[in-house]
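Scroll down for the structure; my scribbles are underneath it.
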Amino acid sequence: MIKTIEWTDEGVRMIDQRKLPTVEEYPVFSTYMDVAEAIRSMVVRGAPAIGVAAAMGVALGVRDSKARTTADLKRDFDHISNVISATRPTAVNLFWAVERMKRVFDRMVTEKADHKTIATRLIEEAIAILNEDIENNKRMGQFGQALLPDSGTILTHCNAGALATAGYGTALGVIRAAIENGKRLHVIADETRPFLQGARLTAWELWKDDIDVRVIADNMAGSFMRLGLIDAVIVGADRIAANGDVANKIGTYPVAVLARQHDIPFYVAAPISTLDMKIPDGSHIPIEQRDPLEVTHIGGVRMVPEGVNVFNPAFDVTPNHLVTAIITELGVARPPYLESLRCLS
Ligand code: MRU
């Protein structure tokens with residue numbers, strides 16, 4: 139299994155996803171600032187993986203803090219959390235993980251634990267988040283695989299696989315589970331412009347696992363559906379509002395519209411940590427705007443004339459009425475999501 143992210147005494151070891159599929163490198167990020175920069179610059183990406191990286195970054199920062207008093211350590215904790223929370227705004231798993239680390243920190247401080255004990259406990263918590271993520275994905279896989287046909291072709295957008303999580307994946311985890319259960323599935327991966335998570339990452343990890351995958355340019359999906367070549371769509375999520383509106387990689391919404399037009403089920407697979415029950419609907423989800431260079435250039439080569447401006451929103455919101463079901467580690471939610479998600483969360 140690919141080790142997307144791992145705790146080591148030297149720091150957080152992560153596969154550098156910017157370099158895939160041509161170079162497979164596992165650098166170690168030895169300060170919380172380095173981990174924050176790795177999240178911001180997409181060394182690590184995908185909502186659950188960002189959550190694990192954030193938790194490990196917090197643990198690393200607290201361990202290496204020079205604070206001599208509890209008050210100083212608290213100040214350092216808040217600063218580290220703020221730096222990590224400011225890296226990427228959309229995936230709620232990042233904030234969920236930082237909050238979870240804060241609850242542990244506050245409890246340890248109340249218990250008057252010393253610096254070393256607090257650091258050890260935070261490292262344990264970050265590793266627990268990683269291990270739970272893999273277990274949750276496997277559970278999600280079992281719930282989700284039952285929804286997929288015994289044979290056929292599944293379209294996915296972006297990368298919601300082992301690389302986007304601590305391992306196994308959410309949407310790709312469901313496909314993996316279906317194949318492990320004997321289903322004969324083929325995968326079509328949208329290339330996912332501008333960052334090419336589908337072409338570079340989904341294709342790479344499925345190919346490594348011997349799962350049949352073909353990449354298409356994003357604008358081909360509609361034609362494939364019209365020709366009857368897609369049996370189901372499954373994607374991951376970065377944040378799901380209480381009413382079931384889903385933020386995911388830019389380009390997910392048009393795929394959902396196309397799926398509805400062609401009567402193809404559109405599934406979302408995401409852990410409970412991706413639910414944001416505090417926001418009523420998708421209009422409250424902050425959408426990250428990324429560097430225009432990601433759109434103007436491909437592989438360092440300029441594609442857009444110098445001086446022409448571009449837009450680069452990294453995510454879109456798919457309204458709940460286009461989502462056939464939301465698959466979580468606790469079960470499958472169906473419309474109306476306000477009720478079904480509340481029951482699960
Ligand atoms: O910008 P990214 O690559 O972090 O975006 C990732 C996605 O949109 C994924 O589909 C989502 O995080 C789900 S990953 C299990």
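Numbering-wise, the sequence shown is residues 139 to 483 according to our numbering. We put the beta carbon where it would ideally sit given N, CA and C, even for glycine.
Using a Cβ distance threshold of 8 Å, determine whether the region 361-376 contacts the region 262-281, with at least three qualifying pairs required. no
Three-state secondary structure (DSSP) of Q427: strand
Alpha carbon to alpha carbon, what distance is there between I267 and E477? 27 Å
Is T456 near ligand 1, with its Cβ less than 6 Å from a heavy atom? no
Taking the runs of the beta strand (DSSP E) that are 3 residues or longer, which of them lie wholly in the region 358-417? 370-373, 377-379, 384-387 and 404-407
Confirm the yes/no value for this check: CB of K240, any heavy atom of ligand 1, distance under 6 Å. no
If you count every other CB in all the chains shown that lies within 10 Å of the CB of T248, and 16 or more means buried, which is it? exposed
Who are the Cβ neighbours of V181 in its own chain at under 7 Å, not counting the five residues just before and after it? M152, D154, Q155 and R156
Segment contact flag, the region 181-193 with the region 221-229, C-beta cutoff 8 Å, min 3 pairs: yes
Could you please give me the residues that DSSP links to F243 through a beta bridge? Its beta-bridge partners do not exist; DSSP assigns none.
Report the residue ranges of all alpha helix (DSSP H) runs contained in full by the region 250-333; include only those spanning at least 4 residues, in chain order. 253-283 and 309-318
Length of the line joining the Cα atoms of G360 and V393: 8 Å
7 Å is my cut-off, CB to CB: does A408 come that close to chain D? Protein chains in the displayed structure number just one, and chain D is not present.
Within 6 Å: the Cβ of D419 and any heavy atom of ligand 1? no
Whose C-alpha, out of A300, W342, I354 and V161, is nearest the C-alpha of I326? I354
Of the choices I313, A315 and G374, whose alpha-carbon is the least far from that of Q335? G374
May I ask you to check if the CB of T308 is nearer than 6 Å to at least one heavy atom of ligand 1? yes
What number of angstroms, rounded off, separates the C-alpha of F167 from the C-alpha of I143? 11 Å
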